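Take a look at the structure below.
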Amino acid sequence: MSINLRKQGFTLIELLVVIAIIAILAAILFPVFAQAREKARQTSCLSNLKQMGLGFMMYAQDYDETMPAAFILASPTGTVGINGGGRAEIPYEHQILPYIKNDQIFGCPSDAQPRPARGIGEFYDGAYATRRPLVKRSYGYVGQICTKEAAARGQWDDPNTGMSAWGQGKSLAAFDSPADTIALVEAYGRNENGEAETFYVGTPWGSLFTGCDMWKLAGRVKPSAAAIDNSTECTGDFTHPQKLPMPGHSKMGNYAFADGHAKAMNYGAVRQNDWRLFKLVKPTATFTP
Numbered sequence: 268m269s270i271n272l273r274k275q276g277f278t279l280i281e282l283l284v285v286i287a288i289i290a291i292l293a294a295i296l297f298p299v300f301a302q303a304r305e306k307a308r309q310t311s312c313l314s315n316l317k318q319m320g321l322g323f324m325m326y327a328q329d330y331d332e333t334m335p336a337a338f339i340l341a342s343p344t345g346t347v348g349i350n351g352g353g354r355a356e357i358p359y360e361h362q363i364l365p366y367i368k369n370d371q372i373f374g375c376p377s378d379a380q381p382r383p384a385r386g387i388g389e390f391y392d393g394a395y396a397t398r399r400p401l402v403k404r405s406y407g408y409v410g411q412i413c414t415k416e417a418a419a420r421g422q423w424d425d426p427n428t429g430m431s432a433w434g435q436g437k438s439l440a441a442f443d444s445p446a447d448t449i450a451l452v453e454a455y456g457r458n459e460n461g462e463a464e465t466f467y468v469g470t471p472w473g474s475l476f477t478g479c480d481m482w483k484l485a486g487r488v489k490p491s492a493a494a495i496d497n498s499t500e501c502t503g504d505f506t507h508p509q510k511l512p513m514p515g516h517s518k519m520g521n522y523a524f525a526d527g528h529a530k531a532m533n534y535g536a537v538r539q540n541d542w543r544l545f546k547l548v549k550p551t552a553t554f555t556p
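Residues 268 to 556 (the numbering used here) make up the sequence shown, in order.
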């Protein structure tokens, strides 16, 4: 009787086949896992905006149906304030913070853009000037933006846009369709210094989404010289080689509306009809692009 003394085990070919199968499965599954993580971050970001939208509504109910101001001017104590100059612009997030109680919601989980080291003393009060780590802001409160309709009238900013005049929020009665009017946007686009322009909670810088800031929106495609994406006044912002839109969430951005609800939209939906979703009184005419 013969005895087979051969040890049982994997051959080199079998090991290579198993490794190849594992590598193929990893290549298939890792992007799925990454997409799932980003979807979770997008949902968390959308929840942030929803809470802020509700904060706007509670603020409006307490202030005679008036939205928060772009900035409230206040006289700080001591040397606190813009450059220690004896005055301070209080940004929107501190006006609604009493209704939210959590300043962490002002930062989107997907926002990994660097913030500038300059201007650290430009906080409206001492509490945030000395707080470490500083709280990032990923969202901009909508002010008056540039539109083709306004440019045709010779105006830089469209007075039919924006939640606030300078220092005074607008009445809800000024909106003919609050559910179709954007009040707050994700806007941590990268500027020419390689930094996010939404800066930090407690500073005025980047708290207001205004003028030609639309270049920051997720999904924006850099236009050619022959196809500028906005009125001619915004050409430099849209075509600047270092100014890049925020990454967003699979080219989607989250937005809060004047009635308090929030949703994700692509750039085309926000851009359509000359930024119609930013206009307070909706025009009957159709504008292109």
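Idealized CB from N, CA, C, for every residue including glycine.
Just so we're clear, the structure is a prediction, and the values are computed from it rather than from any experiment.
Counting along the chain, I449 sits inside the beta strand (DSSP E) bounded by residues 449 to 453. Boundaries of the beta strand (DSSP E) harbouring L475: 475 to 478, taken from the DSSP string. Per DSSP, the beta bridge partners of S438 are T333. Closest option to P508, judged by alpha-carbon separation, among M319, A525, G461, V409: G461. In the displayed model, Y467 falls within a strand according to three-state DSSP. As a beta-bridge residue in DSSP terms, H516 pairs with M519.
Three or more beta-carbon pairs separated by less than 8 angstroms are not found between the stretch 440 to 449 and the stretch 373 to 380, which leaves the two stretches without contact.
For the pair F466 and I289, the Cα-to-Cα distance works out to about 43 angstroms. Of C312, G436, D447, the smallest CA-CA separation from Q362 is found for G436. Pairwise C-beta distances place the stretch 422 to 429 out of contact with the stretch 395 to 406, as fewer than three of them are shorter than 8 angstroms. In this chain, the beta strand (DSSP E) harbouring Y406 covers 406 to 412.
In this structure L475 is in contact with A337, their Cβ atoms being roughly 5 angstroms apart against a cut-off of 8 angstroms.
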